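Anchor point for the sequence shown: position 166 equals 166 in the UniProt record's numbering, and the numbering is continuous, going up by one each time.
Below you'll find the structure, written out as structure tokens, and then a few comments.
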Amino acid sequence: MFPRAFFLAAIALGAFAEPARRAMSVHESRAAPSAFVNSGAADADTLITLRVQMAYNDLPGLEAALYDVSTPSSANYGNHLTKEQVASYVAPSATTSSAVLAWLSEHNIKSSAISPAGDTLSITLPVSQANSLLDTTFSTYKHVSTGKTVIRTLEYSIPTALQGHIDLVYPATSFVTPQATPKYTSLKTKREVKRDLQARVDKRAVPATCTETITPTCLQDIYGIPTTPATQPNNTIGVAGFIEEYANEADLKEFLTSFRTDISPNTTFILQTLDGGSNPQTRSEAGVEANLDVQYAIGLATGVPVYFISVGETNNDGDADGFIDIINFLIGEESRPNVLTTSYAFNENDLTRADLVNMCNVYAQLGALGTSIFFASGDGGVSGGQSQSCTNFIPTAPSGCPYVTSVGSTQGFPETAASFSGGGFSNYYPTPSFQSADVAAYLETLGSTYAGKYNASGRGIPDVSFQGVNFEIAWDTEEGTVDGTSCSTPSFASVIALINDRLIANGSSPLGWLNPFLYSTGRAALNDITSGDNPGCNTNGFNATVGWDPVTGLGTPNFTALLTAVGL
Ligand SMILES: *[C@@H]1O[C@H](CO)[C@@H](O)[C@H](O)[C@H]1NC(C)=O
Ligand SMILES: *[C@@H]1O[C@H](CO)[C@@H](O)[C@H](O)[C@H]1NC(C)=O
Ligand SMILES: *[C@@H]1O[C@H](CO)[C@@H](O)[C@H](O)[C@H]1NC(C)=O
Ligand SMILES: *[C@@H]1O[C@H](CO)[C@@H](O)[C@H](O)[C@H]1NC(C)=O
Ligand SMILES: *[C@@H]1O[C@H](CO)[C@@H](O)[C@H](O)[C@H]1NC(C)=O
Ligand SMILES: *[C@@H]1O[C@H](CO)[C@@H](O)[C@H](O)[C@H]1NC(C)=O
């Protein structure tokens, strides 16, 4: 340990030692975000924490390895990588790391590596020093609807000599407000729900277990999901929790008592926390989203151990960084869930391209380790995470990352697209090869409709769908219903967890990154949804059609057909 005086001296020195000027180049630049207002230059002395993301030494190698272990026709299918193998692609080269550390050291900035492979450095520094390091002016921005403030900039530079060594510095230019996707209106009474349903569906086509609301029993019936318990103790599901959404055990018990009378009402989840996350059990603090997610993971993935992973805001200011932290946390563990489900989304244009690509690279790492990553496609139809006014369609994130499986919603019997089902095309990620024929076929039928409103060369979302309307949940001592892709996402993830259980019991690997399977041998196991649309931006949105569409993806699951598709 150094004596305290040493630190004081070092800080004082840092205050007036002018680092050598380097040639700088603008690294990221973006338009002002519409949901925030700039309330002026940030106070010079305020400390901020930034992350410096160094270039992976072999990103193409990581991506090739990910495809190799995730593509059913590959000889290496299912041979997921070890943590060490992933780190060997991700760790920065010695040249990169020494060049970046030399730059920080010129500014007397100490850094610490915060990712398993050491590729992400965290630095904490006064705004004045961040301004000079990045040749910018950080400002305080206020989120208009919540009043929350963040310190950000619209443009920053890095030394020209470090281009290629630094992917990005964040959160510098991201303005994210992660949203739980179920727009919670009110707990409808059973009578109101019944009236809604009678008005909407052909009752003759409704299974007896689905006449009033959607429950685990109804979903088991319509998709053929088994009620028998899974047998593999190490095949777990991770349910991600953000924005102080807490999962309540008493509500879960009430839910199981009402809707899974065949399993112990004491069945519960295991809590994990990071970034100062917590999960207080005061009944009134229960979150609709967190309750929904754990109730359907436990209620459908019978016998699969469920981890509720609560991400706090200690090392991130409620921005998208928590989405990266949870992945690094899981990569760092000795064993990790084979399935991770997240029902939070945001608008793609909240982030810059570099931000989303960086996040996506982290998902590639977890996928290569064998985890299937599910994200809700959002609840605004073609208008983003939530319905909003727009001219051009707003794709959601992080669904646009090809290394996650994006889940949309259906409703009714026979199933049609739910009108809120988020869908469209990424502006940041090009159409990946596994879905290029599907996207081309869809665009062919669309013709010139909506030209200019969406990106015809982007990755299409969602990949799959699942019922998402009138889900019965227990919340704050009551029972009621919710709608949203938040219902669909943990439910689809649970189906895959049960398939993984069977695969592992048979001596095989879990499915891992799912998309190459879904778009090849898996598609035969999905019910194609061919009616309904997802309105937004003053349009009717896209139509669900025969084959893949940007409303319901490839469709909803058929459990027995999925077993056949994986070779069981
Ligand atoms: C699943 O698909 C099979 C054909 O592969 C079909 O016989 C069965 O009825 C389907 N199950 C459900 C629940 O739709
Ligand atoms: C489950 O994981 C633990 C520790 O990670 C390991 O010791 C045990 O052998 C595993 N069990 C099975 C059935 O794979
Ligand atoms: C659930 O837990 C309670 C309290 O510990 C216990 O009395 C009860 O027998 C348990 N129920 C089951 C089905 O295991
Ligand atoms: C459309 O997507 C492509 C592929 O990702 C990208 O290169 C292009 O910049 C995007 N266009 C717009 C206007 O965002
Ligand atoms: C959707 O389908 C309806 C009915 O067939 C058709 O009139 C409309 O043009 C289609 N819209 C798009 C965007 O494909
Ligand atoms: C199931 O196990 C049998 C016997 O070991 C094996 O031949 C078969 O390939 C396995 N199937 C899958 C899908 O893992």
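Beta carbons: idealized from backbone N, C-alpha and C, even for Gly.
As the structure is a computational prediction, the values presented were derived from the model and not from experiment.
Per-residue burial, residue i [other beta carbons within 10 Å of its own, 16 or more giving buried]
| i | result |
| --- | --- |
| L503 | buried |
| E245 | buried |
| E289 | buried |
| S29 | exposed |
| E478 | exposed |
| S457 | exposed |
| T282 | exposed |
| V306 | buried |
| S145 | exposed |
| S258 | exposed |
| G447 | exposed |
| R260 | buried |
| residue 569 | For residue 569 there is no data in the structure shown, the boundaries of the chain being 1 and 568. |
| D43 | exposed |
| L568 | exposed |
| P92 | buried |
| E63 | buried |
| A565 | buried |
Closer than 7 Å: residue i CB and nearest ligand 3 heavy atom
| i | result |
| --- | --- |
| P229 | no |
| S264 | yes |
For residue i, the three-state DSSP class (helix, strand or coil)
| i | result |
| --- | --- |
| R191 | Only weak support is given to the placement of R191: the predicted model assigns it a pLDDT of 48, under 50, and the value that follows is read from those uncertain coordinates. Of the three classes helix, strand and coil, the one that applies to R191 here is helix, per DSSP. |
| L526 | strand |
| F471 | strand |
| D476 | coil |
| N540 | coil |
| K110 | coil |
| Y296 | helix |
| G507 | coil |
| S264 | coil |
| L168 | strand |
| L271 | strand |
| K142 | strand |
| R152 | strand |
| I243 | coil |
| R30 | coil |
| R502 | helix |
| L121 | strand |
| Q386 | coil |
| P126 | strand |
| G408 | strand |
| Q232 | coil |
| S491 | helix |
| G14 | Low per-residue confidence applies at G14: pLDDT is 44, beneath 50, and the placement is therefore not dependable, though the value from the model is reported in the following sentence. Here G14 sits in helix by DSSP. |
| D221 | helix |
| D251 | helix |
| Y428 | strand |
| T227 | coil |
| V176 | coil |
Proximity test, residue i beta-carbon vs ligand 6 heavy atom, cut-off 7 Å
| i | result |
| --- | --- |
| S508 | yes |
| L271 | no |
| L511 | no |
| P318 | The amino acid at residue 318 is misidentified as Pro; the sequence shows Gly. No, Cβ of G318 sits at least 7 Å from all heavy atoms of ligand 6. |
| L568 | yes |
| L50 | no |
Residue i beta carbon near ligand 4 (any heavy atom closer than 7 Å)
| i | result |
| --- | --- |
| G458 | yes |
| N543 | no |
| N455 | yes |
| Y428 | yes |
Cβ-heavy atom distance, residue i to ligand 5, below 7 Å
| i | result |
| --- | --- |
| D58 | no |
| T449 | yes |
| D251 | no |
| L443 | no |
Ligand 1 heavy atom lying under 7 Å from the CB of residue i
| i | result |
| --- | --- |
| G299 | no |
*Could you tell me whether the stretch 49-57 touches the stretch 113-120, using the rule of 3 or more Cβ pairs below 8 Å?*
Segments in contact, yes.
*Just checking, does the stretch 306-313 make contact with the stretch 232-249 on the three C-beta pairs under 8 Å criterion?*
Short answer: they touch.
*In the stretch 279-353, which residue ranges form an unbroken alpha helix (DSSP H) of at least 4 residues, counting only runs that do not cross its ends?*
The qualifying runs are 288-300 and 321-332.
_Please output, in chain order, the residues near ligand 7 using a CB cut-off of less than 5 Å to any non-hydrogen atom of the ligand._
This structure does not include ligand 7; its bound ligands are ligand 1, ligand 2, ligand 3, ligand 4, ligand 5 and ligand 6.
*Which ranges does the beta strand (DSSP E) cover as unbroken runs of at least 3 residues, wholly within the stretch 43-120, from first to last along the chain?*
The qualifying runs are 47-54 and 111-113.
*Could you say if the stretch 368-388 and the stretch 405-414 meet the contact criterion of at least three C-beta pairs nearer than 8 Å?*
Contact between the stretch 368-388 and the stretch 405-414 is present: 3 or more CB-CB pairs across the two stretches fall below 8 Å.
*Please confirm if the stretch 383-403 is in contact with the stretch 363-370, defined as three or more CB-CB distances below 8 Å between the two stretches.*
As far as the Cβ criterion goes, the stretch 383-403 touches the stretch 363-370, which means the pair count is three or higher.
*Does the stretch 59-71 come within contact of the stretch 515-522, defined as at least 3 CB pairs closer than 8 Å?*
With a cut-off of 8 Å, the stretch 515-522 and the stretch 59-71 count as touching, because enough Cβ pairs lie within range.
*How about the stretch 433-450 and the stretch 487-503: do they share at least three Cβ pairs that are nearer than 8 Å?*
Counting C-beta pairs closer than 8 Å gives fewer than three between the stretch 433-450 and the stretch 487-503, which falls short of the contact rule.
*Using 8 Å as the Cβ pair cut-off and three pairs as the minimum, do the stretch 466-483 and the stretch 407-421 touch?*
Touching, per the Cβ criterion.
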